[in-house]
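For reference, the structure discussed in these notes is given below.
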Amino acid sequence: MTLAPADGGRRSRRGFLYQDAVTLLDCLDMLDGHWTAVSWEDLEDILCHRGTEPVYRQVKTIEGAGKRHSVADVCRPDPTKKLENRTPETSYLGKLFLGKSLPEGTRFTLIVNETPAQDLYEFACERGGTREPVSEKTRDAVIEKLDGLILPDGRDVGWCVDRLDVLVTARTSEQVEDEARRRLAPLVRTYLGEDPIVTEVDEVLKWLVSVHIGRSAAELRPRRHTVEDFRAAFEEAILRVTGQRRDGGLERLMTLQEKLRPAGVPEAEAERQHEAMLAFRRTRRASLGSKRQGYDVLSDKIFAICQLTAARRRAGRIDAGPPAYLATIDAVCELPEVVAGEVPINEALAVLSDITARCQNRYEDAS
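Each residue of the sequence shown is one higher than the last, beginning at 1 in this note's numbering.
Structure representation (structure tokens):
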């Protein structure tokens, strides 16, 4: 892809946090099935696709309170240009309509961080929604102000105006991030299989904005990001933040309760183990420094016990089911730190439950 002439090349990242946060919302919309691909700092600030149909999205924010975009404002030539260069091509809408192919199905979105004046508000729509038709008076006003704009593919200004939307978003980047945070939280919860810690959702958000979106926008050439690309980035963010990998890809995992059935564990007891496991995971993820290191060392030791038990079961030295489970429990309870009381037995067993839930079923006759 080539850049629109008005863009002047790929931008540096300074001062574009608001745009990056809005881009994250578009990526989350893609994950919900609204787009098939999203790119940024491409032919526009954000370029969304529905199959082969492009949606060019330009972000225009206003910092000062009480200021509002109007039709006159978005059609006004750039006042910083020399007088002879103040042409419709330099206006907000001129830049939005120019410099790109305009196939059937094309739409344009002007994203603003305040409620625009009444004439421009006629173009407003909800995120993911469609707008009502604008009045002939407003439509003609835009066409008149952009008179002389030469468009590709045999299109005219009226054709573009008929496909223009205005999306009103939150005033500040922090407010946009709050919306993204609310949408990310259930996705993180689904991935982890439990409620995430608040700071974990914050860190996932920061990683997606600063790394997945921010660094990509500063690269030499734009790249079209598909649903699979964003899902992979999302899962990488969770892995980096929590250290927890989703075993089995996107397939449904066998629950801890299901894995404990061959061991003869009653459902009620298995459910209590499940709750203890979730509590341990939250405690471990919230821990820092030496405390976190201690949990990792304990997990490594109990994982080794599980491996040893499984090897003995496969060799026929321990029967599958309850005997294999009992042998594992006994070995965990005989760890020196557990015997000495340095690690509470309930905590050690919660670690065992965590490992059991993550790994293959070690209590059946599977290989």
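Cβ coordinates follow ideal geometry from the N, Cα and C atoms, glycine included.
Separation of T172 and N113 (C-alpha to C-alpha, rounded to the nearest whole angstrom) is 7 Å. In the structure shown, T36 adopts coil according to DSSP, grouped into three states. Looking at the DSSP output, P322 bridges to nothing. With distances taken between CA atoms, A141 lies nearest to V161 out of G129, V161, E126. Residue range 164 to 168 is occupied by the beta strand (DSSP E) that includes D165. Measuring C-alpha to C-alpha distances from C125 to each of K100, R86, L149, V168 identifies V168 as the nearest.
In this structure, the CA atom of T36 is about 6 Å from the CA atom of M30.
DSSP links Y56 through a beta bridge to L47, F108. When DSSP reads this structure, H225 sits in a beta bridge with V38.
V209 and D20 do touch by the CB rule: their CB atoms are close to 5 Å apart, below 8 Å. Assigned with DSSP and collapsed to three states, A233 falls in helix.
Taken in chain order, the complete alpha helix (DSSP H) segments of 4 residues or longer contained in the stretch 111 to 184 are 118 to 121, 136 to 145, 157 to 161. Per DSSP, the unbroken alpha helix (DSSP H) holding D300 starts and ends at 289 to 314.
In the structure shown, the three-state DSSP call for K95 is helix. Check the Cα spacing between A311 and each of E89, A276, L102, E364: the tightest is with E364. G316 sits exposed, since fewer than 16 C-beta atoms from the chains shown fall within 10 Å of its C-beta. DSSP places T328 in the helix class (H, G or I) of the three-state scheme. Segment contact: the stretch 150 to 165 against the stretch 97 to 116, three or more CB-CB distances shorter than 8 Å; contact assigned.
One thing to note: V351 has its Cβ within 7 Å of the Cβ of I302. Contact annotation: L146 and V157 have beta-carbon atoms nearer than 7 Å. If you compare the alpha carbons of F108, I46, I355, T23 with that of L256, the shortest gap goes to I355.
E89 counts as buried, since no fewer than 16 other beta carbons sit within 10 angstroms of its beta carbon. In the structure shown, the three-state DSSP call for H69 is coil. In the structure shown, K82 falls within a coil segment according to DSSP collapsed to helix, strand and coil. Fewer than three pairs of CB atoms, one per stretch, sit closer than 8 Å, so the stretch 48 to 55 makes no contact with the stretch 80 to 87. Residue state for F280 is assigned as helix, using DSSP reduced to three classes. Using a 10 angstroms sphere on the CB of Q293, the tally of other CB atoms stays under 16, which defines it as exposed. Secondary structure at L31: helix, using DSSP grouped into helix, strand and coil. Between I345 and V339, the gap from beta carbon to beta carbon reaches 7 Å or more. In this structure, H34 keeps its C-beta atom at 7 Å or more from the C-beta atom of G105.
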